[in-house]
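Visitor: Going down the list, the protein sequences come from chains L and W. Just so we're aligned, residue 1 is where the first sequence starts under my numbering, counting upward by one. Just so we're aligned, residue 217 is where the second sequence starts under my numbering, counting upward by one. Take a look at this one; I'll ask things after.
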Amino acid sequence: MDENVTPGRKGNLTGSARKLKDNAADWHNFILKWERLNDEGSAHATKIVNLVLSKESAKETTLLPGADQSDTGLSVADTSSVPSSRTELFTDLEEECTKLQEIVEKMAHIVSKMEKIVSSEKGICDLETFQFGAKGRDCPLFLTWSTSQFVDVSSRLYGCYRQELALKQLILRQLAHTSDPQLSMVYLSAWLYQPYIDDKTKLLLESLLLETGHRT
Amino acid sequence: MAQTVISLCHQHLKKCFQTLEMTNKAWNLVLAECTPLISSLGNLGEQLRALDNVQLDLTPLHRFPDLKERLRFKLLQAVDVVLCKLTDKVDELQKLLKTLNNQVSTAFQFYEHNTDTLDLATCTLRSATSPSIADMLEWLQDAHNYYCSQFRRRKYLLQVLRPDDLVFMEEVSKRWESFYSADGEEHIEDTLSRVCLFVDS
């Protein structure tokens, strides 16, 4: 049977091994795509913070002419110029927020695909339990991992990205409404440095790729 | 005999000034590569300070477990990466300094071994195309001292830099820039232009 050979070393895989190897490649591609989106998003997030901060300083300057009613020509010139620049600011801000939202939506789509990987691997595991009993298969599908280890690794990877997505969704909601520069900076750091994706995540992915023969 | 010694001394001095010109160009290139790294370091310092100042429990981020610790770890990791790159750059400066040092030492050793021939009158003799040996040795020593002091200051700054000293981290960019000496650079440029006819001869 195909299931009894060592598929990690063979060219044509079928069945569970094929599915697990494809899933591993999908993990790799999803994570690459995620990183690209993260970099793009970081640039938009930084622009949003800069725009919010300039909006705040523009607010202060519009207060000044209103406070001094004796100003005539100069204050008219000032008040007419500030709203137009403020409108521009708002338009830019909205544009950047929309772009960031699109990025977060793409990230959410990636995470939903990651979830599907986990569920398909759980299905493979259940199938094996049905075929071989609770002990599972005697011979590993690839090098050393049991099928349940693939489920475990995928679940852990998915958990990290799900948490990171939740953080990014919160940053998206809050970023344009935060006038505290320190908090904005924390949001930007959290976006860029992705605290829930650590070295362990990278190690899990690399192990997965090594086990399935994508890395040698 | 005297002419041979003078000619050999001139050869050593020419090599020194060629090395000095190469060092000057390479040194400025390495420093230009350091500028974005130093500014990253200052920026990371600001981010670490912001993380310290913000009470995450009072912000919408409170529902994320261990966020502060995780983010701090990531930021410190980024500091490490930048510091490693900067250390590599400072090592490049050290290599340049070593090459210059070897060349200048050889010229001085030659002079010291031949002080009988290279007496005061010979050493202070100059022409339209060639500065005196004494002047050239002095300029080389000045240039060498300048690069030595530049190297030591920059290396010391990176050695005493601690990621937990946030004030220092934020000021690192200013301190790094403060080491730049317009006078020192001008002095090197002057030296190179004074000897250009001599080196080409």
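All C-beta atoms, glycine included, are put in the ideal place defined by N, C-alpha and C.
Taking the CB atoms as reference points, tell me whether W:S417 and W:T345 lie closer together than 7 angstroms.
Guide: yes
Visitor: Give a yes or no on whether 7 angstroms exceeds the smallest Cβ distance from W:V297 to chain L.
Guide: Chain L contact via Cβ: absent.
Visitor: Is L:G41 buried or exposed, if buried means 16 or more other CB atoms sit within 10 Å of its CB?
Guide: buried
Visitor: For W:M385, which three-state DSSP category applies?
Guide: helix
Visitor: Pick out the complete beta strand (DSSP E) segments inside the segment 98-182 of chain L, 3 residues or longer, and give them in chain order.
Guide: none
Visitor: For W:L253 and chain L, any beta-carbon pair shorter than 7 angstroms?
Guide: no
Visitor: Comparing alpha-carbon positions, which option in W:H403, W:S348, W:M238 and W:E387 lies nearest W:S223?
Guide: Ranking the options by Cα distance to W:S223, first place goes to W:S348.
Visitor: If you reduce the DSSP assignment to three classes, tell me which class L:I48 lands in.
Guide: helix
Visitor: Note down the Cα distance separating L:L141 from L:L13, rounded to an integer number of angstroms.
Guide: 10 angstroms
Visitor: Leaving out five residues before and five after L:Y187 in sequence, what residues of the same chain have Cβ atoms less than 6 angstroms from its Cβ?
Guide: So the qualifying residues of the chain are I171 and L175.
Visitor: Output yes if chain W places a C-beta closer than 7 angstroms to the C-beta of L:S207; else output no.
Guide: no
Visitor: Could you give the distance in angstroms between the alpha-carbon of W:R369 and the alpha-carbon of W:F414?
Guide: 32 angstroms
Visitor: Could you list which residues in chain L have their beta carbon closer than 7 angstroms to that of W:Q263, in chain order?
Guide: M185 and S189
Visitor: Report the neighbours of L:P140 on chain W: residues whose CB is nearer than 8 angstroms to its CB, in chain order.
Guide: Per Cβ cutoff of 8 angstroms: no residues; L:P140 is ~34 angstroms from chain W at best.
Visitor: W:P276 touches chain L at which residues, Cβ-Cβ below 7 angstroms?
Guide: In chain order: L170 and Q174.
Visitor: If W:T303 sits next to W:L374, beta carbons under 8 angstroms apart, how far is it from one beta carbon to the other, in whole angstroms?
Guide: 7 angstroms
Visitor: If you measure from the beta carbon of L:Y193 to each beta carbon in chain W, is any gap under 7 angstroms?
Guide: yes
Visitor: Along chain L, which residues have their Cβ under 7 angstroms away from the Cβ of W:V270?
Guide: Q182, L183 and V186
Visitor: Taking 6 angstroms as the limit between beta carbons, can you name the residues of its chain near W:V320, skipping five residues before and five after?
Guide: Here the set comprises C232, L356 and H360.
Visitor: In three-state DSSP terms, what is L:G226?
Guide: Summary: the structure shown does not reach residue 226 of chain L, with chain L confined to residues 1 through 216, and so no result is reported for it.
Visitor: Give the straight-line distance between the Cα atoms of W:R265 and L:K47, rounded to the nearest whole angstrom.
Guide: 21 angstroms
Visitor: Compile a chain-ordered list of the residues in the segment 144-160 of chain L whose CB is closer than 9 angstroms to at least one CB of chain W.
Guide: none
Visitor: Helix or strand or just coil, what does DSSP make of W:M217?
Guide: Taken through DSSP and simplified to helix, strand or coil, W:M217 comes out as coil.
Visitor: What three-state label does DSSP hand W:A344 in the structure shown?
Guide: coil
Visitor: At 8 angstroms on the CB atoms, spell out the chain L contacts of W:R286, in chain order.
Guide: P195, Y196 and D198
Visitor: I want to verify the contact list: residues of chain W whose CB lies under 9 angstroms from the CB of L:L167, in sequence order.
Guide: L277, F280 and L283
Visitor: According to the neighbour-count rule (16 or more other Cβ atoms, all chains shown, within 10 Å of its Cβ), is L:G133 buried or exposed?
Guide: exposed
Visitor: What residues from chain L crowd round W:K290, counting only those whose CB sits closer than 7 angstroms?
Guide: Y193 and P195
Visitor: For W:L267, return the contacting residues in chain A, with the cut-off set at a CB-CB distance below 7 angstroms.
Guide: Among the protein chains of the structure shown, namely L and W, there is no chain A.
Visitor: Determine, for L:T201, whether the minimum Cβ-Cβ distance to residues of chain W falls below 7 angstroms.
Guide: no
Visitor: For a quick check, are the C-beta atoms of L:L89 and L:K55 less than 7 angstroms apart?
Guide: In contact: L:L89 and L:K55 (Cβ atoms closer than 7 angstroms).
Visitor: Excluding the 5 residues flanking L:L208 on each side, which residues of the same chain have their C-beta closer than 7 angstroms to its C-beta?
Guide: A24, W27 and V153
Visitor: Would you say L:I103 and L:C160 are within 7 angstroms of each other, going by their C-beta atoms?
Guide: no
Visitor: Using only CA atoms, which one of W:L277, W:Y327 and W:L299 lies nearest to W:L175?
Guide: No information on residue 175 of chain W is available, as it lies outside the stretch 217 to 417 that chain W covers here.
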